[in-house]
Structure formats: structure tokens, C-alpha cells
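Report on the structure given below.
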Amino acid sequence: MNRKYRKTVIAGNWKMNKTPSETKEFMTQLKAIMPKGRWCDVALCVPAVCIPAAVRAMRETRVGIGAENCNPNPSGAYTGEIATNMLTDAGCKYVIIGHSERRAMGETDADVNAKVLAALDAGLIPIMCCGESLEQRQNGVTAEWITMQIKLGLKDVPEDKIRKVIIAYEPIWAIGTGLTATPEQAEEVCEMIRSVVRKLYSSKNARAISILYGGSMNEKNAFELLAQPDIDGGLIGGASLVPEKFVKIIEAANQPTV
Ligand code: PGA
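For the sequence shown, numbering that gives the first Met the number 0 gives the first residue as 0, with consecutive numbering after it.
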């Protein structure tokens with residue numbers, strides 16, 4: 000983290016977990032134990048049907064609610080899809096884009112890019128995910144792969160909007176597996192991502208953008224991961240489903256930074 004230059008963001012990704020009633024219950028529990036300090040921005044990205052309950056429960060708090068996907072088209076014949084203006088109207092502030100679980104369902108870098116542009120147009124903060132598979136890491140192509148995902152995902156994002164984008168580095172082999180990247184492995188890639196943004200934009204923009212780590216981040220390993228200079232927060236799956244664990248990760252963001 001480096002709070003001098005950029006925001007620290009702790010974001011939960013609920014994936015396909017919790018009903019609207021369970022959402023209400025979770026938010027009540029979270030509010031009761033939420034740290035008072037303002038060390039970081041906190042986001043919870045929840046299933047679409049849980050958004051209204053989450054927004055209602057967290058209205059007076061500093062927790063921003065987000066969606067887990069969006070459709071880049073403004074409206075029309077896209078059965079089952081949700082447009083960005085529907086998300087903002089429902090009270091969303093964030094949207095996760097290009098999660099590896101969605102890419103595995105067929106989402107391409109061009110889809111990711113269209114969604115990032117649509118989200119920015121709507122005033123949403125896109126949390127754009129990237130990450131390599133175990134095979135890619137073992138074959139030594141992590142840097143090339145991630146560079147390509149970042150370049151394609153950010154295509155046509157204008158200079159004056161790049162700082163609104165949050166990038167999440169999520170090695171596929173670390174998601175939901177309990178296999179966390181070591182702080183050094185995660186830092187190496189997050190630093191590399193920042194250098195790609197530096198080349199595409201400028202050092203000032205690269206310094207200002209928040210880059211998160213995701214993949215089995217939990218209440219035990221968060222402190223060490225967040226201590227890395229280029230890891231500006233976390234995108235948290237499993238541990239964001241339990242209020243006590245999620246709060247411990249928020250508390251880990253309260254440490255001196257470089
Ligand atoms: P995990 O998921 O924390 O359960 O590994 C992270 C994610 O997929 O965003």
C-alpha cells in the first residue's frame with residue numbers, strides 16, 4: 000500500500016453466495032463490528048438480486064456496494080443481462096469486470112474492454128481482473144499474459160478516466176484453493192502491472208491507480224500482502240462471506256505504509 004499516492008481498497012466478491020435475506024443479516028452483523036477508522040475504501044460486490052438489500056442496509060455507512068458483472072450495451076434484447084445504468088440506479092458504486100470465473104464462461108478481453116468502457120461512462124468504478132493460470136506461471140509467461148490482459152482491457156480508456164479504474168491481480172491457481180501467492184510473488188506482478196500502466200499512460204497515473212491482490216486472501220495473510228508497496232488492497236472471495244474475517248482484513252489495512 001501507499002496511502003500517500005493512492006487509495007487502499009478492500010473489496011469483497013460474494014460470487015454466487017447469499018440470498019437477499021442473508022444479505023440483510025450479514026450487513027447488520029458487519030455494521031456492528033465495522034472499524035471506525037477511515038484507513039481504506041470498503042466495497043462489497045454481491046449477486047444482482049442482493050444489491051437492493053445491500054444498498055439499503057449500508058446507506059449511512061462508508062461501505063460501497065458493487066455488482067459482479069454488467070452488460071456493455073445500454074439496453075435491448077439481452078435476456079438475463081444487466082446494464083450499467085441499472086446498476087447505478089440501484090445504488091451500485093463498483094462493478095467487478097473480467098473475473099477469471101466469467102472468463103472461463105467465455106468472456107473475452109474484448110468483452111472485458113467493452114464493459115470497462117461502459118462502466119466508466121455510467122460513473123461506476125470498474126474492478127478489472129487479470130491473472131494467469133498455473134500452467135502459464137510454470138511456463139514463465141505470466142508477465143506477457145498479464146500485460147496483454149491489461150493492454151486489451153484498458154484499450155481506449157481515456158487518460159482522464161484511468162485513475163477511476165481499479166485493477167485486481169488474481170492468479171487463477173490461488174482463487175478458492177487456499178494457495179495464496181506469496182507476498183513477493185503478488186508484489187512482483189502488481190509492480191509489473193503498474194509499470195504497464197506507466198507505459199500506457201504516465202508515471203503520475205501509474206502512481207495513483209489502486210492495484211489489488213485476490214486469491215485466498217484471508218484474515219491471516221492479509222497484513223503481509225498489504226504491506227507490499229504495490230498491493231493497494233484485496234479482492235476477497237471466501238473470507239468476505241464472514242463479517243468477522245472481512246473486518247480483520249479491513250483492520251490489516253491499518254498499518255504504516257512506505
Ligand atoms: P477467494 O476468491 O478469496 O475465495 O480465493 C477471490 C476471488 O475470486 O475474487
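Ideal placement from N, C-alpha and C gives every residue a C-beta, glycine not left out.
Check                                                                        : Outcome
Heavy atom of ligand 1 within 6 Å of Leu225 beta-carbon                      : no
Paired residues, beta bridge with Asn70 - DSSP                               : Ala82
Gly65 Cβ short of 6 Å to ligand 1 heavy atom set                             : no
For Met127, the first and last residue of its enclosing beta strand (DSSP E) : 124–129
Ile249 - DSSP class collapsed to helix/strand/coil                           : helix
Whole-angstrom distance between Asp40 and Asp88, CA atom to CA atom          : 21 Å
DSSP state of Gly232 mapped onto helix, strand, coil                         : strand
Integer Cβ distance of Cys44 from Gly11, believed to fall under 8 Å          : 6 Å
Through-space distance from Pro242 to Asp120, alpha-carbon basis             : 32 Å
Start and end residues, alpha helix (DSSP H) containing Ala113               : 108–121
Asn12 Cβ short of 6 Å to ligand 1 heavy atom set                             : yes
Supposed close pair Leu151, Asp108 - CB separation, criterion 8 Å            : 4 Å
Whole-angstrom distance between Val115 and Ser239, CA atom to CA atom        : 24 Å
Assigned exposure category for Tyr77 - 16 Cβ within 10 Å defines buried      : exposed
Within 7 Å, strictly: CB atoms of Ile64 and Ile126                           : no
Distance, Glu106 Cα to Pro228 Cα                                             : 31 Å
Cys44 - DSSP class collapsed to helix/strand/coil                            : strand
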